[in-house]
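A.B. asks:
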Amino acid sequence: MAPTEVSSTEVSAPALDGQYGIAEHSHVGARDLNLDTHSHRIGSRDPQDHLVPLGREEQWRFTPLRRIRGLHDQTPLTGTDFTVTVNAPAGVVAHSVSGDEANALKGASNYLPTDRPSARAWAASDSVFLVDVPANLEVDGLIEITFHGGSVDEAVAAHLVVRLGTHAKAQVSVVYEGSSTLAENVEIVVADGAHLDIASRQSWSADAVHLSHHHVRVGRDAIVRHAALTFGGDLVRIVATVEYDGPGGDAELLGLYIADAGQHLEHRLLMDHGAPNCRSRALYKGALQGQGAHTVWVGDVLIRPTAEGTDTYEMNRNLLLTEGARADSIPNLEIETGEIAGAGHASATGKFDDEQLFYLLSRGIPEAAARRLVVRGFFGEVLARLGIPAVVESTNEIIEGELEISGI
Amino acid sequence: MSTLQIRDLHVSVVTEDTPKEILRGVNLTINGGETHAVMGPNGSGKSTLAYSLAGHPKYEITSGEVLLDGEDVLAMSVDERARAGLFLAMQYPVEVPGVSMSNFLRSAATAVRGEAPPIRKWVKEVKGAMTDLEIDPAFAERSVNEGFSGGEKKRHEILQLSLLAPKIAVLDETDSGLDVDALRIVSEGVNRYKAQSAEAGNGVGILLITHYTRILRYIQPDFVHVFAAGKIVESGGPELADELETNGYVRFTGAGASA
Ligand SMILES: Nc1ncnc2c1ncn2[C@@H]1O[C@H](COP(=O)(O)OP(=O)(O)OP(=O)(O)O)[C@@H](O)[C@H]1O
Ligand SMILES: [Mg+2]
Numbered sequence: 011m012a013p014t015e016v017s018s019t020e021v022s023a024p025a026l027d028g029q030y031g032i033a034e035h036s037h038v039g040a041r042d043l044n045l046d047t048h049s050h051r052i053g054s055r056d057p058q059d060h061l062v063p064l065g066r067e068e069q070w071r072f073t074p075l076r077r078i079r080g081l082h083d084q085t086p087l088t089g090t091d092f093t094v095t096v097n098a099p100a101g102v103v104a105h106s107v108s109g110d111e112a113n114a115l116k117g118a119s120n121y122l123p124t125d126r127p128s129a130r131a132w133a134a135s136d137s138v139f140l141v142d143v144p145a146n147l148e149v150d151g152l153i154e155i156t157f158h159g160g161s162v163d164e165a166v167a168a169h170l171v172v173r174l175g176t177h178a179k180a181q182v183s184v185v186y187e188g189s190s191t192l193a194e195n196v197e198i199v200v201a202d203g204a205h206l207d208i209a210s211r212q213s214w215s216a217d218a219v220h221l222s223h224h225h226v227r228v229g230r231d232a233i234v235r236h237a238a239l240t241f242g243g244d245l246v247r248i249v250a251t252v253e254y255d256g257p258g259g260d261a262e263l264l265g266l267y268i269a270d271a272g273q274h275l276e277h278r279l280l281m282d283h284g285a286p287n288c289r290s291r292a293l294y295k296g297a298l299q300g301q302g303a304h305t306v307w308v309g310d311v312l313i314r315p316t317a318e319g320t321d322t323y324e325m326n327r328n329l330l331l332t333e334g335a336r337a338d339s340i341p342n343l344e345i346e347t348g349e350i351a352g353a354g355h356a357s358a359t360g361k362f363d364d365e366q367l368f369y370l371l372s373r374g375i376p377e378a379a380a381r382r383l384v385v386r387g388f389f390g391e392v393l394a395r396l397g398i399p400a401v402v403e404s405t406n407e408i409i410e411g412e413l414e415i416s417g418i
Numbered sequence: 022m023s024t025l026q027i028r029d030l031h032v033s034v035v036t037e038d039t040p041k042e043i044l045r046g047v048n049l050t051i052n053g054g055e056t057h058a059v060m061g062p063n064g065s066g067k068s069t070l071a072y073s074l075a076g077h078p079k080y081e082i083t084s085g086e087v088l089l090d091g092e093d094v095l096a097m098s099v100d101e102r103a104r105a106g107l108f109l110a111m112q113y114p115v116e117v118p119g120v121s122m123s124n125f126l127r128s129a130a131t132a133v134r135g136e137a138p139p140i141r142k143w144v145k146e147v148k149g150a151m152t153d154l155e156i157d158p159a160f161a162e163r164s165v166n167e168g169f170s171g172g173e174k175k176r177h178e179i180l181q182l183s184l185l186a187p188k189i190a191v192l193d194e195t196d197s198g199l200d201v202d203a204l205r206i207v208s209e210g211v212n213r214y215k216a217q218s219a220e221a222g223n224g225v226g227i228l229l230i231t232h233y234t235r236i237l238r239y240i241q242p243d244f245v246h247v248f249a250a251g252k253i254v255e256s257g258g259p260e261l262a263d264e265l266e267t268n269g270y271v272r273f274t275g276a277g278a279s280a
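Chains as they are written, first to last, in the numbering used here: chain A, 11 to 418; chain B, 22 to 280.
Given below as C-alpha cells:
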C-alpha cells in the first residue's frame, strides 16, 4: 500500500484517498527552518502589551477565535464557580495563597506571559495554587489536584505553581473536569537535581473552553516528565514551554489526545535550549474521530548558540479513525550552534489502515477487538513512558470509553 | 474431516472505475487430509482466489458459491470465516505497528478457540511452536510483522497456522522469498501440522498456491491444478507438477487457456 506522504514542516490531513498507513518523515541533524522564535521571547505581565489576536498570527492561525468566548480580548475573568481539591502526601505543601504571597510566587519559573490570554489570566488571578515539595524530599505517593468547573458562564482565571526543591522527587497529577471557561498559567519549577513527573489531564465536559500556558523551568541535572492528556472540552489549547537553568537538564514532553466530533484540541510546544548538554524529547500522539474533529500540534525546538551538546527529538503522530477529521502537525527546529549531539523530528498523520484491519480479522479477531488492538497499540508507546501508574490506569479507561463513542 | 467446496466462482476486483473480472468460474473441492497444489503464472488470479476465500473487501463475488461443511462461507464476515476454520497464510503478510506478536497471537487464539487459553499452557504452547519454526523468542515482543524479513514473515504465518489449527488452510506463495533452509523449516512446519491434525482425526485440507515446483519437493501434493486466466485449466496428480517443471506454463497460457 502506498504510504501517506507528509511534508517536513507542515502536515495536513485528511490524507488522500486510497492511501493507507502511517508514513513518517524525519531528518536528523542541523537544519535551519527560519523559525521566528523572537515572538516567543517577548513576554510581559501587562495585558495591554499584547495585541488582541485576529487569527492570522502564526500562533493563532489554527485556533477558532470565535469559540474562545473572548478570553483573548476582554471578557472579564471574574468567575468563581469552581473547586480545587487536593490529595497530597505528608511533607508536601499544597494550598491556595493570595495577596503579596501570591504575587511573589508568580514568575517563579521565569515565565512572562507571551500572549494576551496568558497575560490576562496572570493579572486577573488573585490567588495562586501552590504545590511545594521541599528540597531533598522524595515524596511517597501521588500528589493529586482536581479542578472542577461549575459553569461556563463567567470566565475564570487560574494560576498554578508546582515547585520542587533541589534533589526532591515527586509525581503530580492535575485533572480538569466539569464545565468552565478557563484562562490559566501553570508554572513548573524543578530545582537542580530534582525529578518531577507531572500529568495534566483535561477531562472536561463538552462545553468547556480552556486556554493554558505551562512553563517548565528545568534545573541543572534535573529531570522532568510532563504529560498533556486531552480528551474533553469544546476547545482546549495548551502551550507548553521548557527552559533550562543549567547543563544536564532532561525534559520529556508527552501528549495523548482524542478529539471527537466538533472538538478543537491544540497543543503547542517550545523547547528552548539555552544551556549546554541538555536533552529534550517530545512524543505526542492523537486520535481523531467524527465530523469536524480538529487537532493541532506545533512543536518548536530552539537550540541557542549557548546550548552546545543539545540532544533533542520530537515526534507527533495522528490517527484518523473516521472521515471528516483534520489533524495539523508542524514540527520546527532552529539550530543556532554547530555543536549538537543530535536533533530531529518526525510527524505523521494516517488513516486507520484497512489492510491491518483485514489481517487481524482474518485471524478470527472480531472487528471491535481488532480496532481496539490497533488503537491501544498506537497509544501504548506514550503510556509506557508516563511513569505514573494511577494516571496510566485512568487514561486507559478513558481511551476505552472514547473508543466506544465511535463504536470501535 | 471437513470439506471446502468452491463452485463456479466469479470474482471481480473493485477498482476506481469499472470492476474487472479476475476469477472466471473456479471449481474445486478440498477434503480434509488432502493437499491441493494450485500453480499458475503471475497475474493469473491465484491470490485473488485466496483473498476471496478469506473475504477481503477489495474483491467482489459476482457469482458462485463457497461452502465449508455445507455452510455458506460467502455469507460470513472475515472474522467469522476464520473462526469457522478457514486460514489464509498471506503472500504479503501485513505489518501492524504497536501490536505485539504475543498479544496478537493470544487475541487470535482466544477468538478462534472461543475462550482464552489458560496462560501457562499457552506460554508453553507458543514457545514450543516458535522453537519448531526456529523463531527467536524475542519476536514475541515485537510488533506484528513490523520490520520482519520476508522469510521471518512467512515463518510467522506458519506459526499462526499451527496455533490456530484450521480445518482448511490456504497457503499463498508461502515459499516465495525463502532461502533453502527457511523453505525446509517452513515446509516441515506445514507437514507437522498436517500430521498432527490427521492424528487428531480431523486432517487439515490444504490449498497450496505456488508459482514454482520447488516447495512440492517438501510438501507432497495429492492433486495439482493448473491455474490460468482466472480458472483451473487442468487437474492431475503430482506428475502434472513435473510436467510444469519441464515445460513451464506455455501450454496453458496460449490461445487454449484464454478461450
Ligand atoms: N486492485 C486491483 N486493481 C486492478 N487490478 C488488480 C487489482 N488486484 C489485482 N488485480 C489484477 O488481477 C490479476 C490477478 O492478480 P492476483 O494477485 O490474483 O494474481 P496472482 O496469480 O496471485 O499473481 P502472482 O503470481 O504474481 O502472485 C492481475 O492481473 C492483477 O493485476
Ligand atoms: Mg499472488
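Backbone N, C-alpha and C define an ideal beta-carbon position, used for all residues, glycine too.
1) Could you say which of A:G360, A:I345, A:K361 lies nearest to G354 of chain A if we only look at CA atoms?
2) Would you kindly work out how many angstroms separate the C-alpha atoms of S161 of chain A and S190 of chain A, rounded to a whole number?
3) At a threshold of 7 Å, does D200 of chain B count as lining ligand 2 (C-beta to nearest heavy atom)?
4) Count the other C-beta atoms from every protein chain shown that fall within 10 angstroms of the C-beta of L261 of chain B, then say buried if there are 16 or more, exposed otherwise.
5) Along the chain, where does the beta strand (DSSP E) containing H60 of chain A start, and where does it finish?
6) Leaving out the 5 sequence neighbours to the left and right, which residues in its chain are closer than 7 Å to D217 of chain A when beta-carbon positions are compared?
7) Pick helix, strand or coil for P118 of chain B, following the three-state DSSP scheme.
8) Using 8 Å for Cβ pairs, my map puts H158 of chain A next to S135 of chain A. What's the rounded Cβ distance?
9) What's the C-alpha gap between A167 of chain A and Q112 of chain B?
10) Buried or exposed: P242 of chain B, going by 16 or more other Cβ atoms within 10 Å of its Cβ?
11) Can you tell me the Cα-Cα spacing of L89 of chain B and A356 of chain A, whole angstroms?
12) Identify whether A104 of chain A lies in helix, strand or coil by the three-state DSSP scheme.
13) In this structure, does DSSP put I345 of chain A in helix, strand or coil?
14) In chain order, what are the residue ranges of uninterrupted beta strand (DSSP E) at least 3 long that sit wholly in the region 184-227 of chain B?
15) In the DSSP output, which residue or residues are listed as bridge partners for K179 of chain A?
16) Any heavy atom of ligand 3 inside 7 Å of the beta-carbon of G269 of chain B?
17) DSSP three-state call for K41 of chain B: helix, strand or coil?
18) Between A400 of chain A and the rest of its own chain, which residues show a CB-CB distance below 6 Å, the 5 nearest in sequence each way excluded?
19) Can you tell me where the alpha helix (DSSP H) with R102 of chain B in it begins and where it stops?
20) Would you identify the three-state DSSP class for T93 of chain A, choosing helix, strand or coil?
21) Would you check if there are 3 or more beta carbon pairs closer than 8 Å linking the region 175-189 of chain A to the region 205-220 of chain A?
22) Anything in the region 256-273 of chain A with a Cβ closer than 9 Å to a Cβ of chain B? List those residues in chain order, please.
23) Assess, as a yes-or-no matter, whether the region 130-149 of chain A is touched by the region 252-260 of chain A under the definition of 3 or more beta carbon pairs within less than 8 Å.
24) Name, please, each residue of chain B whose Cβ falls closer than 7 Å to the Cβ of F388 of chain A.
25) Counting only beta-carbon atoms, is Y132 of chain B nearer than 8 Å to chain A?
26) Any beta carbon of chain A sitting closer than 8 Å to that of V99 of chain B?
27) Just list the beta strand (DSSP E) runs in the region 109-158 of chain A, keeping only unbroken ones of 3 residues or longer that don't cross its boundaries, in chain order.
28) Do you know how far the Cα of F72 of chain A is from the Cα of V62 of chain A?
29) Is there at least one non-hydrogen atom of ligand 1 closer than 7 Å to the beta-carbon of I51 of chain B?
30) Quick check for students: name the residue ranges of the alpha helix (DSSP H) that lie wholly in the region 346-381 of chain A, counting only runs of 4 or more.
31) Could you pull out every unbroken alpha helix (DSSP H) segment of at least 4 residues lying fully inside the region 112-184 of chain B, listed in chain order?
32) Answer yes or no: does any C-beta atom of chain A fall closer than 8 Å to that of L30 of chain B?
33) Just to confirm before moving on: does the CB-CB distance between G319 of chain A and P286 of chain A stay below 8 Å?
34) Does any C-beta atom of chain B lie closer than 8 Å to the C-beta of I375 of chain A?
35) Please state whether DSSP places D255 of chain A in a helix, a strand or coil.
36) Put K252 of chain B into one of helix, strand or coil per three-state DSSP.
C.D. replies: The short version:
1) Your numbering for residue 354 of chain A matches position 344 in the first sequence. Nearest option by C-alpha distance: A:I345.
2) Start at 1 with the first residue of the first sequence, and residue 161 of chain A comes out as number 151. Start at 1 with the first residue of the first sequence, and residue 190 of chain A comes out as number 180. When the Cα atoms are used, S161 of chain A and S190 of chain A turn out to be separated by approximately 5 Å.
3) As a first step, residue 200 of chain B must be located in the second sequence, where it is residue number 179. For ligand 2, not one heavy atom lies less than 7 Å from the Cβ of D200 of chain B.
4) Taking the second sequence and counting its residues from 1, one reaches residue 261 of chain B at position 240. Burial call: buried.
5) In the first sequence, residue 60 of chain A corresponds to position 50, counting from 1. Element bounds for H60 of chain A: n/a, residue is neither H nor E.
6) Position 207 of the first sequence, counting from 1, holds the residue named residue 217 of chain A. Excluding residues within five positions, the ones whose Cβ falls inside 7 Å are V162, S189, D244.
7) As a working mapping, residue 118 of chain B is identified with position 97 in the second sequence. P118 of chain B: strand per DSSP, three-state reduction.
8) For the purposes of this step, residue 158 of chain A is taken as the residue at position 148 of the first sequence. For the purposes of this step, residue 135 of chain A is taken as the residue at position 125 of the first sequence. Actually they do not touch by this definition, with Cβ atoms about 17 Å apart.
9) The residue given as residue 167 of chain A occupies position 157 in the first sequence. The residue given as residue 112 of chain B occupies position 91 in the second sequence. Cα to Cα, the separation comes out at about 60 Å.
10) Counting from 1 along the second sequence, the entry for residue 242 of chain B is found at position 221. Classification for P242 of chain B: buried.
11) Position 68 of the second sequence holds residue 89 of chain B. Position 346 of the first sequence holds residue 356 of chain A. Looking at the two C-alpha atoms, the distance is approximately 47 Å.
12) On the first sequence, position 94 is the one that residue 104 of chain A refers to. Three-state DSSP puts A104 of chain A in a strand.
13) Locating residue 345 of chain A in the first sequence gives position 335, counting from the first residue. For I345 of chain A, the three-state secondary structure derived from DSSP is strand.
14) Counting whole runs of 3 or more residues, the region 184-227 of chain B contains the beta strand (DSSP E) stretches 189-193.
15) Taking the first sequence and counting its residues from 1, one reaches residue 179 of chain A at position 169. Paired residue(s): A:E148, A:H205.
16) The model on display carries ligand 1 and ligand 2 but not ligand 3.
17) On the second sequence, position 20 is the one that residue 41 of chain B refers to. Here K41 of chain B sits in strand by DSSP.
18) What you label residue 400 of chain A is simply residue 390 of the first sequence in a count that begins at 1. The residues L152, in chain order, have a CB closer than 6 Å to that of A400 of chain A in the same chain once the five nearest residues on each side in sequence are set aside.
19) What you label residue 102 of chain B is simply residue 81 of the second sequence in a count that begins at 1. Element bounds for R102 of chain B: 99-104.
20) Taking the first sequence and counting its residues from 1, one reaches residue 93 of chain A at position 83. Annotated three-state conformation of T93 of chain A is strand, per DSSP.
21) Cβ pair count under 8 Å is three or more, so yes.
22) Against chain B - using a Cβ distance shorter than 9 Å - the region 256-273 of chain A contributes no residues.
23) no
24) Within the first sequence, the letter at position 378 stands for residue 388 of chain A. What F388 of chain A touches in chain B: G119.
25) As a first step, residue 132 of chain B is located in the second sequence; it is residue number 111 there, counting from the start. The amino acid occupying residue 132 of chain B in the given sequence is Ala; Tyr does not appear at that position. Nearest CB-CB separation between A132 of chain B and chain A: below the 8 Å threshold.
26) As a position in the second sequence, residue 99 of chain B is number 78, starting the count at 1. Proximity of V99 of chain B to chain A, defined by a Cβ-Cβ separation below 8 Å, is satisfied.
27) 137-143
28) Counting from one through the first sequence, the residue named residue 62 of chain A turns up at place 52. Counting from one through the first sequence, the residue named residue 72 of chain A turns up at place 62. Approximately 15 Å between the Cα atoms of the pair.
29) Your numbering for residue 51 of chain B matches position 30 in the second sequence. It does not: the Cβ of I51 of chain B is nowhere closer than 7 Å to a heavy atom of ligand 1.
30) 364-371
31) 122-134, 140-153
32) As a first step, residue 30 of chain B must be located in the second sequence, where it is residue number 9. So, not an interface residue.
33) Translated into positions along the first sequence, residue 319 of chain A becomes position 309. Translated into positions along the first sequence, residue 286 of chain A becomes position 276. A contact, by the Cβ cut-off of 8 Å.
34) Against the first sequence, residue 375 of chain A aligns to sequence position 365. Chain B contact via Cβ: present.
35) Stepping through the first sequence from its first residue, residue 255 of chain A is reached at position 245. Correct three-state label for D255 of chain A: coil.
36) Here residue 252 of chain B is taken as the residue at index 231 of the second sequence, counted from 1. Here K252 of chain B sits in strand by DSSP.
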